[in-house]
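For the sequence shown, the numbering used here assigns the number 2 to the initial residue and increments by one for each residue that follows.
What follows is a single structure, written as structure tokens, with notes after it.
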Amino acid sequence: MAEQKNHPLLFEMLRSFTTLAETLNLSRAVEQMGTTRQTVRRHISTLEQIKGERLFIVDDRQYHLTEAGRHALQEAQDIQARGLSWLNNEAGHRGGLHHIVKRDGSGWFFYLQQHSLQKIWTGQSELLKAGVKCWADAEGEITHEAFDLVRPYLMVFRRASVGWVCSAVGGQSSYATWYGKRWEYSAVGREVPRLPGGQEHASQLHQPFEEVRASRGMRYDHIHTRMDRGIEGQTEPISFKRLLLGCRYPDDSFALASLVVRSHDLEIGGVSQAEIETMPDDLLMDEISPKPSGGQDNSP
2 MAEQKNHPLL
12 FEMLRSFTTL
22 AETLNLSRAV
32 EQMGTTRQTV
42 RRHISTLEQI
52 KGERLFIVDD
62 RQYHLTEAGR
72 HALQEAQDIQ
82 ARGLSWLNNE
92 AGHRGGLHHI
102 VKRDGSGWFF
112 YLQQHSLQKI
122 WTGQSELLKA
132 GVKCWADAEG
142 EITHEAFDLV
152 RPYLMVFRRA
162 SVGWVCSAVG
172 GQSSYATWYG
182 KRWEYSAVGR
192 EVPRLPGGQE
202 HASQLHQPFE
212 EVRASRGMRY
222 DHIHTRMDRG
232 IEGQTEPISF
242 KRLLLGCRYP
252 DDSFALASLV
262 VRSHDLEIGG
272 VSQAEIETMP
282 DDLLMDEISP
292 KPSGGQDNSP
């Protein structure tokens with residue numbers, strides 16, 4: 002492997018890599034970037050030398066990602082996105098905790114404020130409190146019976162070679178009740194960018210998911226954004242609390258459980274309460290208390 006060092010053209014090289022990976026055509030990549038074929042080739046060659054592995058193979062002038070290239074793509078896209086967010090003052094930290102305020106010209110936005118776990122105990126959601134207790138009782142084992150109380154509200158992900166993949170969706174989860182049965186049933190086995198939120202939301206999930214995977218612990222966020230809803234796919238504002246739980250499957254591989262509660266009881270720096278409350282009241286989940294097996298459910 003080439004000697005590791007800082008490269009002043011890192012972001013330009015990453016842009017060449019991700020653009021060529023998306024187009025798999027050198028001419029189209031050059032056109033999109035407004036550069037030259039020689040520049041793109043040089044950037045790819047330099048990245049391959051640094052990483053010590055081929056990112057592309059070329060067959061009859063057609064580019065194909067190698068397995069190493071596929072593994073590297075998501076992280077390269079995330080680095081670009083985080084770098085742009087930092088430059089545009091969209092991402093940073095408040096009180097040492099992650100904070101994001103992103104908007105684009107189409108009306109899409111994504112606001113996030115990470116919070117300490119202490120806020121769960123002082124908050125309104127009994128479901129989140131139960132989630133923490135179940136996780137502790139199960140000692141993180143996702144199939145343990147201690148998780149049964151909150152399992153219907155969970156969405157579970159597995160880290161695969163292609164990135165994060167959905168492995169389970171609870172029928173009473175925020176995902177199922179927001180998107181509907183069609184997406185609940187078809188979500189399992191899908192890569193995160195292929196879920197209804199698309200690449201925009203997938204790029205916001207990667208960093209929190211990887212943080213929890215590294216710590217095998219928990220993370221608590223407040224989020225206000227826009228998402229498609231229901232069969233019609235109408236984009237609507239959504240406000241929610243999200244608890245990420247580092248878990249494990251019976252084979253000891255990592256599982257990430259996401260417990261989401263739609264709520265107006267959010268604190269996000271730079272976002273007004275009026276904005277948070279643009280999500281209709283009939284979509285709130287704060288009053289849900291998990292029921293033992295056989296109990297009545299009051300989910301929306």
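No residue lacks a Cβ here, since even glycine has one placed at the ideal position from N, Cα and C.
How many whole angstroms separate the CB atoms of residue i and residue j, which I take to be in contact at a CB cut-off of 8 Å?
i: residue 220; j: residue 115; result: 7 Å
i: residue 265; j: residue 276; result: In fact, because the Cβ distance is near 10 Å, the residues do not count as touching under 8 Å.
i: residue 148; j: residue 226; result: 27 Å between Cβ atoms; not a contact.
i: residue 155; j: residue 174; result: 6 Å
i: residue 157; j: residue 257; result: 7 Å
i: residue 255; j: residue 160; result: 6 Å
i: residue 126; j: residue 242; result: 6 Å
i: residue 113; j: residue 101; result: 4 Å
Buried or exposed: which applies to residue i, given that a residue is buried once 16 or more other Cβ atoms fall within 10 Å of its Cβ?
i: residue 44; result: buried
i: residue 162; result: exposed
i: residue 240; result: buried
i: residue 165; result: buried
i: residue 182; result: exposed
i: residue 94; result: exposed
i: residue 59; result: exposed
i: residue 205; result: buried
i: residue 78; result: buried
i: residue 197; result: buried
i: residue 217; result: exposed
i: residue 39; result: exposed
i: residue 87; result: exposed
i: residue 178; result: buried
i: residue 75; result: buried
i: residue 28; result: exposed
i: residue 282; result: exposed
i: residue 55; result: exposed
i: residue 273; result: exposed
i: residue 290; result: exposed
Would you say residue i touches the ligand MG, meaning its beta carbon is less than 7 Å from a heavy atom?
i: residue 267; result: Ligands displayed in this structure: none; no statement on the ligand MG is therefore possible.
Tell me the DSSP bridge mates of residue i?
i: residue 103; result: 111
i: residue 93; result: 100
i: residue 1; result: The structure shown does not extend to residue 1, since the chain is modelled only from 2 to 301, so the question has no answer here.
i: residue 66; result: 57
i: residue 76; result: In the DSSP output, where bridge partners are listed per residue, residue 76 has none listed.
i: residue 116; result: 221
i: residue 142; result: 249
i: residue 192; result: 166
*Segment contact, 8 Å Cβ cut-off, at least three pairs: the region 239-259 with the region 133-141*: yes
_Going residue by residue through the region 197-261, where are the continuous beta strand (DSSP E) segments of at least 3 residues, counting only ones entirely within it?_
219-230, 235-249
*asked:* To test your reading of the DSSP string, which unbroken beta strand (DSSP E) runs of 3 or more residues are found completely within the region 154-188?
replied: Counting only unbroken stretches of 3 or more residues, the beta strand (DSSP E) elements lying wholly within the region 154-188 are 155-161, 164-170, in sequence order.
*Is there contact here, the region 200-212 with the region 175-191, by at least three beta-carbon pairs under 8 Å?*
Because the criterion of three Cβ pairs below 8 Å is not met, the region 200-212 and the region 175-191 do not touch.
*In chain order, which beta strand (DSSP E) runs of at least 3 residues are fully inside the region 8-33?*
none
*Examine the Cβ distances between the region 120-129 and the region 97-111 and report whether three or more of them are shorter than 8 Å.*
no
*Check whether the region 54-67 touches the region 21-41, taking contact to mean three or more Cβ pairs, one atom from each stretch, closer than 8 Å.*
yes
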